[in-house]
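Just so you know, we're using the numbering used here here: the sequence shown kicks off at 35 and counts up by one.
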Amino acid sequence: MKPFADLLEALVLTPSRNAKLALLTRYFQTAPDPDRGWALASVAGSLDLRNATASGLRTMVEERVDPALFRLSYDYVGDLAETVALIWPPAEPSAPLRLSDVVETLQSATRPQAQKHIAGWLDRLNASERLALIKLATGGLRVGVSERNAKTALAAMRADPEATLSQIEEMWHGLEPPYTALFAWLDGSAPMPQVDLRLAFRPVMLAHPLDSGLYSAEERKAGLHEQEDSATWTLERLNAKLDPADYSAEWKWDGIRVQAISLDAERRLYTRMGEDISASFPDVIANMTFQGVVDGELLVARPGDTALTIAPFADLQKRLGRKSPGAKTLRDNPAHIRLYDLLHDGTEDIRSAPFQDRRARLDAWFAEQPVLDGVDLSPLVPFDTWEALAALRATSRDAGEEGLMLKRLDSSYVGGRPTGPWWKWKRDPLSADCVVMYAQRGHGKRSSYYSDFTFGCWRDGPDGTELTPVGKAYSGFTDKELVKLDKWVRDNTTERFGPVRAVKRGLVFEVSFDAVQRSTRHKSGIAMRFPRIKRIRWDKPVHEADRLSALEALIFDGTGKDTDSHTAAKS
Numbered sequence: 035m036k037p038f039a040d041l042l043e044a045l046v047l048t049p050s051r052n053a054k055l056a057l058l059t060r061y062f063q064t065a066p067d068p069d070r071g072w073a074l075a076s077v078a079g080s081l082d083l084r085n086a087t088a089s090g091l092r093t094m095v096e097e098r099v100d101p102a103l104f105r106l107s108y109d110y111v112g113d114l115a116e117t118v119a120l121i122w123p124p125a126e127p128s129a130p131l132r133l134s135d136v137v138e139t140l141q142s143a144t145r146p147q148a149q150k151h152i153a154g155w156l157d158r159l160n161a162s163e164r165l166a167l168i169k170l171a172t173g174g175l176r177v178g179v180s181e182r183n184a185k186t187a188l189a190a191m192r193a194d195p196e197a198t199l200s201q202i203e204e205m206w207h208g209l210e211p212p213y214t215a216l217f218a219w220l221d222g223s224a225p226m227p228q229v230d231l232r233l234a235f236r237p238v239m240l241a242h243p244l245d246s247g248l249y250s251a252e253e254r255k256a257g258l259h260e261q262e263d264s265a266t267w268t269l270e271r272l273n274a275k276l277d278p279a280d281y282s283a284e285w286k287w288d289g290i291r292v293q294a295i296s297l298d299a300e301r302r303l304y305t306r307m308g309e310d311i312s313a314s315f316p317d318v319i320a321n322m323t324f325q326g327v328v329d330g331e332l333l334v335a336r337p338g339d340t341a342l343t344i345a346p347f348a349d350l351q352k353r354l355g356r357k358s359p360g361a362k363t364l365r366d367n368p369a370h371i372r373l374y375d376l377l378h379d380g381t382e383d384i385r386s387a388p389f390q391d392r393r394a395r396l397d398a399w400f401a402e403q404p405v406l407d408g409v410d411l412s413p414l415v416p417f418d419t420w421e422a423l424a425a426l427r428a429t430s431r432d433a434g435e436e437g438l439m440l441k442r443l444d445s446s447y448v449g450g451r452p453t454g455p456w457w458k459w460k461r462d463p464l465s466a467d468c469v470v471m472y473a474q475r476g477h478g479k480r481s482s483y484y485s486d487f488t489f490g491c492w493r494d495g496p497d498g499t500e501l502t503p504v505g506k507a508y509s510g511f512t513d514k515e516l517v518k519l520d521k522w523v524r525d526n527t528t529e530r531f532g533p534v535r536a537v538k539r540g541l542v543f544e545v546s547f548d549a550v551q552r553s554t555r556h557k558s559g560i561a562m563r564f565p566r567i568k569r570i571r572w573d574k575p576v577h578e579a580d581r582l583s584a585l586e587a588l589i590f591d592g593t594g595k596d597t598d599s600h601t602a603a604k605s
């Protein structure tokens, strides 16, 4: 465990992306098999142990340490894993513990068995190793490394990193931890692993946000992209930097990106991250009567008077995560695929062809397939100028679309997020003024600060006007503002609920969010999508914050009606 613990500690303390990659590459080159394979799986997010729970950790530590001392320490440190690692009694001398032994034991253990093993291992390890063990067992590494970073570090093990990264991306979803064959190839001791790619997931091509992508790195660092008027600067920069004749446009639908594979009587449905969700969507699988590999959007769609009605994302959420949906769920929320791109036409991989050609082949291919229920094409959006496209984008919220996608006509389909070929021009966010109600400590570098905030809006209750929670956010403010917010929380705490503090009604946030949807899980009856703090309104009295009715008016009902949803929630 020590080399793995040293790696995690170094990654947390290293802010530079290139330095993190160098640390990972060095570890992968020097660690033995299968330890390095399990480490790769953990940092890349393909290892899901999650044998330790917060309550289980508390029970374990309170059996060895005075519970009152533990609670005071947890309140001071702010991070459960770090608190347990630091306060656990010193280790007894023992033989070194290997990462592979830990992973392989936890993979076959029940949760009670796992927690017993974890307690025994904690007795043998030092503080750094204990922290690594807890992070591994809970699935919360939080070391600032993505799956793409891990693959990039692997590719640096060979002479041609760029070509190697492309090969790793292609074979990745045909491999399984601990990746022994992959490392043998990277070390030069064995040929490239052979995987069946016909039914394997193809790395998805992603787009850059247009609202920040047209700025230089220096302009973004200076925060210029957050200060200018979006409607003005977008058109100015589009006209200055991009030729509309080079791009195709299509709607960005409000579902989840999927890849559908139907080849040789076998069918698979993958998310954009390569998770196989075929079993969760048997209605979609049944409708995949085509031959090929397609890229599209998974939606809930119902028959309308003249065309399909695309349901709000909240309806699709009722299907997500269900491993075996019942008949009522299938009937009430019928899933549908809207196709964007053709990757394989049943006989040939065409990802290297330009988008213009792939789209033409998609149209022709779709027309030749058997009658397809539950599958259709996403229409292209004709335009001549950026001004004309901007006018169409302004209608996207009322129609239930997320905005627009721009794709260079000559772009090949390349996995990852290459800069330039594809852009996403999302609809403008909504905003509301909300009152801070609760605060909680953050994680990692923010574990000593109150950085996660729950906020609410006013509504009429049985005892008069009351605040009801409408969202939670932990981004949108600077480090300097975080220090000031943390002090405000400590100075204005009214109650404590474990790691959460209730605060007096004295601070307003202007909150940006993508949409509002109904929710039975929240007391307010609504939920914000992707809330983030736009501005701290130190100057605004709390009684001037928005009312819940203003947010309810922004709910998209799937009918395409204009419910004033292009305006902010401000009353």
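All C-beta atoms, glycine included, are put in the ideal place defined by N, C-alpha and C.
Please read these numbers as outputs of a predicted model, since none were measured by experiment.
Only residues of its own chain outside the window of five on either side were considered, and among them Trp492 have a CB closer than 6 Å to the CB of Thr499, listed in chain order. In the displayed model, His370 falls within a strand according to three-state DSSP. The criterion of a C-beta distance shorter than 8 Å is satisfied by Cys468 and Val504. The DSSP assignment places no complete beta strand (DSSP E) segment of no fewer than 3 residues inside the segment 66–148.
Your pair Tyr508 and Asp525 does not check out as a contact, with CB atoms roughly 20 Å apart and the cut at 8 Å. For Gly490, the enclosing beta strand (DSSP E) stretches over residues 484–495.
Around the beta carbon of Phe511, a 10 Å sphere encloses 16 or more other beta carbons of the protein chains shown; the residue is thus reported as buried. Taking the Cα positions, Ala348 is about 6 Å away from Gln551. Closest in C-alpha terms to Trp459, from the list Gly449, Arg475, Leu426, comes Leu426. Between Ala294 and Val238, the C-beta gap is not smaller than 8 Å, which leaves the two residues out of contact. Look at Phe531 here: in three-state DSSP terms it is strand. Contact between Leu156 and Leu167 holds: their C-beta atoms lie close to 7 Å from each other, under 8 Å.
Listed in chain order, the non-local C-beta contacts of Leu269 below 8 Å within the same chain comprise Trp420, Glu421, Ala424, local neighbours out to five positions each way being set aside.
When the Cα atoms are used, Thr528 and Arg385 turn out to be separated by approximately 59 Å.
Beta-bridge partners of Arg475 (DSSP): Tyr484. Annotation: Thr323 is outside any alpha helix (DSSP H) and is labelled neither H nor E by DSSP. A check of alpha carbon separations from Glu436 across Ile290, Ala320, Leu342 identifies Ile290 as the nearest. DSSP places Leu216 in the uninterrupted alpha helix (DSSP H) bounded by 214–221. When secondary structure is reduced to three states using DSSP, Met191 falls in the coil class, being assigned neither helix nor strand.
Shown here, Tyr249 sits in coil according to DSSP, grouped into three states, outside any helix or strand. In this structure Leu57 does not touch Thr64 by the C-beta definition: roughly 11 Å separates them, more than the 8 Å allowed.
Partner residues in the beta bridge of Gly437, as assigned by DSSP, are Lys286, Lys460. Remark: three or more beta-carbon pairs, one from each stretch, lie closer than 8 Å, so the segment 316–336 and the segment 361–369 are flagged as touching.
Under DSSP, Lys506 shares a beta bridge with Thr488. Contact between the segment 269–286 and the segment 353–360 is absent: fewer than three C-beta pairs spanning the two stretches fall below 8 Å. With respect to Pro496, Gly434 sits apart: the two C-beta atoms are not nearer than 8 Å. Note on geometry: alpha-carbon atoms of Ile152 and Lys36 lie some 16 Å from one another.
Distances from the CA of Lys518 to each of Lys185, Leu501, Trp572, Asp379 were compared; the closest alpha carbon is that of Trp572. Excluding its 5 nearest sequence neighbours in each direction, Ser553 has C-beta neighbours in its own chain below 8 Å: Ala348, Gly559, Ile560, Ala561, listed in chain order. The alpha-carbon separation between Val99 and Phe489 amounts to approximately 35 Å. A distance of 8 Å or more separates the beta carbons of Leu120 and Arg158. Excluding the 5 residues flanking it on each side, Ala187 has same chain C-beta neighbours closer than 6 Å at Leu55, Leu58, Thr59, in chain order. Taking the Cα positions, Gly208 is about 19 Å away from Asn183. Exclusion of the five residues before and after Ile344 leaves Leu333, Ala335, Gly434 as the residues of its chain whose Cβ lies within less than 6 Å of its Cβ. By the beta-carbon neighbour count (other beta carbons within 10 angstroms, threshold 16), Phe564 is exposed.
Looking at Gln141, Ala39, His556, the one whose alpha-carbon comes closest to that of Leu81 is Gln141.
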